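If you're matching positions, the sequence shown starts at 167 in the working numbering and goes up one per residue.
Backbone N, C-alpha and C fix where the C-beta goes; we use that ideal spot for every residue, glycine too.
Bear in mind the structure is a predicted one, so any value in this text is a computation, not a measurement.
Below is one structure, written out as structure tokens, with a few remarks after it.
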Amino acid sequence: MTASTRAATAVVPRFRWQLALLVALAFAVPASLYLAIPIAGRIQDAFRTDAGTASWTGSAFGLAYAIGFLVCGPLSDRVGRRPILVLGTAATAVTTALVAVSPTMDWFIGLRAAQGLAASSFAPAALAYVAERAPAPRRPVALSLLTTGLLGAGIVGQLYGQVVAGHTPWQAAFWPVAICYAAATPLLWLVLARGRPATSAPWRAVYAAIAMLAGRRATAAVFLSASTVFGSFVGMYLVLESWLRSDHGFDTGGLLAVEALGGLGLVVSPVVNRLVGHGSLRRLAVAGYLSAATGLLVEQSGVLAAVIAGSVVFVGGISLIVPSLVGLLAELAPEARGAAVAANTFVLFLGASLAQLVFVRLSFHVTLGVLTVALVAGAAVVGRLARSRR
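In structure tokens:
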């Protein structure tokens with residue numbers, strides 16, 4: 167072993183510590199999107215605006231977040247994963263702090279968009295880092311842990327937002343989060359391994375690859391079905407919270423308990439991937455869609471215990487879908503994996519950002535019905551069209 171190799175081994179922690187840090191941030195970074203659901207009412211009251219405008223609390227972040235993937239994914243290929251993760255997390259800390267001092271609703275929406283754009287640096291760079299650095303036997307489980315974190319952010323963000331909405335001014339939602347991101351920035355620089363840029367191909371080649379994948383039946387089917395995943399997650403919790411408050415008088419503590427129970431569904435993905443990691447990813451995705459749809463059907467009963475149980479089943483199904491779609495794209499488009507992941511992540515979070523605008527005005531049962539149909543359609547699209555035949 168050379169001196170330089172020994173030095174590198176001493177400085178860079180083993181992969182499991184790198185993964186632990188990235189998974190923790192996978193829970194923390196996208197949580198800023200979801201915390202908007204419980205604090206939207208506080209924002210509406212503070213800026214004296216209507217519910218439709220207040221719904222931009224989440225959607226402004228989400229739209230910028232989704233669009234940013236199409237820039238940050240290719241950018242990380244050119245300058246390296248570590249610099250993008252470090253600089254992006256630092257920028258997210260700064261913009262999060264600025265959101266907390268927004269003087270008007272217009273400033274608030276604009277700064278939420280800036281926060282979303284900065285936060286979009288994390289997911290594509292982290293997914294690519296884990297895919298490149300994880301030992302081959304551990305790669306499926308490592309990716310499922312990371313994607314579980316990205317999905318679990320929906321639970322974490324709402325739990326945190328509920329605490330804030332019940333006990334503190336809305337500004338208090340952002341200061342601790344900004345401090346968390348600021349503290350993580352030097353840790354990323356110290357813990358992550360150095361690496362060389364993955365490509366020097368021109369930008370137009372990346373977007374040409376995305377256009378090519380969108381025109382290919384199998385990969386287009388994955389993108390189309392992905393549009394229903396995080397959108398259904400946001401939509402379900404949006405109307406569930408409203409229903410629990412209005413029909414059953416739930417306070418903040420009760421809502422926290424329901425969302426924490428829903429988090430139990432997140433363990434489904436790592437467990438299933440560990441048990442059947444070499445199974446058909448397409449079938450796992452279909453199983454996830456149908457499980458999530460079944461959970462929504464159970465919720466339609468309107469019986470409180472069944473609704474809560476159905477939400478756990480729903481989250482378990484969603485947790486199966488996300489890593490299955492990522493793995494399926496890697497199989498369908500190995501020659502354009504980076505472009506495929508960037509486009510898929512864009513579609514996932516585009517659905518999440520639009521859901522709050524769409525479902526804020528719909529009733530509990532109507533929303534569940536629409537989402538059930540969307541998830542069954544997603545299962546059909548993946549099952550029938552997402553095959554390796556081109």
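Check alanine 471 in the structure and name its three-state DSSP category. Here residue 471 refers to the residue found at position 305 of the sequence shown. In the displayed model, alanine 471 falls within a helix according to three-state DSSP.
Between valine 322 and alanine 197, how many whole angstroms is the CB-CB distance? I'm expecting something under 8 angstroms. On the sequence shown, residue 322 is found 156 positions in, with the first residue counted as 1. On the sequence shown, residue 197 is found 31 positions in, with the first residue counted as 1. Going by Cβ atoms, the distance from valine 322 to alanine 197 rounds to 5 angstroms, so yes, they are a contact pair.
With a threshold of 8 angstroms between beta carbons, is phenylalanine 515 in contact with chain B? No chain B appears in the structure shown, which is made up of a single protein chain.
Could I get the ranges of all uninterrupted beta strand (DSSP E) runs contained in the segment 250-323, with 3 residues as the minimum, in chain order? For the beta strand (DSSP E) assignment, the segment 250-323 encloses no uninterrupted run of at least 3 residues.
Tryptophan 369, buried or exposed, once every other Cβ within 10 Å from all chains shown has been counted against 16: Numbered from its first residue, the sequence shown carries residue 369 at position 203. Tryptophan 369 should be labelled exposed.
Give the secondary structure of glutamine 184 by DSSP, where H, G and I count as helix, E and B as strand, and everything else as coil. One-based indexing of the sequence shown puts residue 184 at position 18. Note: glutamine 184 maps to helix in three-state DSSP.
Ends of the alpha helix (DSSP H) at leucine 219? Numbered from 1 along the sequence shown, position 53 holds the residue referred to as residue 219. Strictly speaking, residue 219 in this sequence is threonine, with leucine absent from that position. It spans 217-220 - the alpha helix (DSSP H) in which threonine 219 sits, taken as one unbroken run.
Just how far apart, CA to CA, sit glycine 431 and serine 287? Mapped onto the sequence shown, residue 431 falls at position 265. Mapped onto the sequence shown, residue 287 falls at position 121. Approximately 27 angstroms between the Cα atoms of the pair.
Note down the Cα distance separating phenylalanine 399 from leucine 353, rounded to an integer number of angstroms. The residue given as residue 399 occupies position 233 in the sequence shown. The residue given as residue 353 occupies position 187 in the sequence shown. Looking at the two C-alpha atoms, the distance is approximately 31 angstroms.
Considering only residues of the segment 383-433, which uninterrupted beta strand (DSSP E) runs meet the minimum length of 3 residues and lie entirely inside it, listed in chain order? With a minimum length of 3 residues, no continuous beta strand (DSSP E) run stays inside the segment 383-433.
Please report the residue range of the alpha helix (DSSP H) in which glycine 381 lies. Taking the sequence shown and counting its residues from 1, one reaches residue 381 at position 215. Glycine 381 -> no alpha helix (DSSP H), and no H or E assigned at all.
Whose CA, out of Leu486, Leu311, Ala471, Thr394, lies closest to the CA of leucine 516? Within the sequence shown, the letter at position 350 stands for residue 516. When each option's Cα is compared against that of leucine 516, the closest is Thr394.
Return helix, strand or coil for arginine 553, following the three-state DSSP convention. In the sequence shown, the residue the question calls residue 553 occupies position 387. In this structure, arginine 553 counts as coil in the three-state DSSP scheme.
Separation of leucine 541 from arginine 553, as counted between CA atoms: Walking along the sequence shown from the start, residue 553 turns up at place 387. Walking along the sequence shown from the start, residue 541 turns up at place 375. Roughly 19 angstroms between the two C-alpha positions.
Contacting residues, own chain, Cβ-Cβ under 7 angstroms from methionine 167 (five flanking each side not counted): Start at 1 with the first residue of the sequence shown, and residue 167 comes out as number 1. Low per-residue confidence applies at methionine 167: pLDDT is 48, beneath 50, and the placement is therefore not dependable, though the value from the model is reported in the following sentence. Excluding positions up to five away in sequence, the list is empty.
What do you get for alanine 186, buried or exposed, if any count of 16 or more other CB atoms within 10 angstroms of its CB means buried? Counting from one through the sequence shown, the residue named residue 186 turns up at place 20. By the neighbour-count criterion, in which a residue is buried when 16 or more other Cβ atoms sit within 10 angstroms of its Cβ, alanine 186 is exposed.
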